[in-house]
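Below you'll find the structure, written out as structure tokens, and then a few comments.
In our numbering, the protein residues as written are 3 to 64.
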């Protein structure tokens, strides 16, 4: 699943694949400037964080 947050000078994209990690990709003017893995103790904890704290839903992908 993916979600995003838009700010005036950059955008954050969050990707969750069902494990205990969430990938955050920060883009500025279309260029990736940073990638971070947010690691949790369990998949349930990661899913709760993704659903409640990460931006707006933009759908599934393959």
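Cβ atoms here follow ideal geometry from the backbone N, Cα and C, with glycine treated the same way. If you're wondering where the values come from, they're calculated on a predicted model, not measured in any experiment.
Per-residue burial, residue i [other beta carbons within 10 Å of its own, 16 or more giving buried]
| i | result |
| --- | --- |
| residue 55 | exposed |
| residue 8 | exposed |
| residue 34 | exposed |
| residue 141 | No statement about residue 141 is possible, as the shown extent of the chain runs from 3 to 64 and does not include it. |
Alpha carbon of residue i to alpha carbon of residue j, nearest angstrom
| i | j | result |
| --- | --- | --- |
| residue 49 | residue 58 | 14 Å |
| residue 21 | residue 45 | 5 Å |
| residue 18 | residue 31 | 23 Å |
| residue 23 | residue 42 | 6 Å |
| residue 15 | residue 25 | 8 Å |
| residue 39 | residue 10 | 23 Å |
Option in the options with minimal Cα separation from residue i
| i | options | result |
| --- | --- | --- |
| residue 29 | 46, 13 and 39 | 13 |
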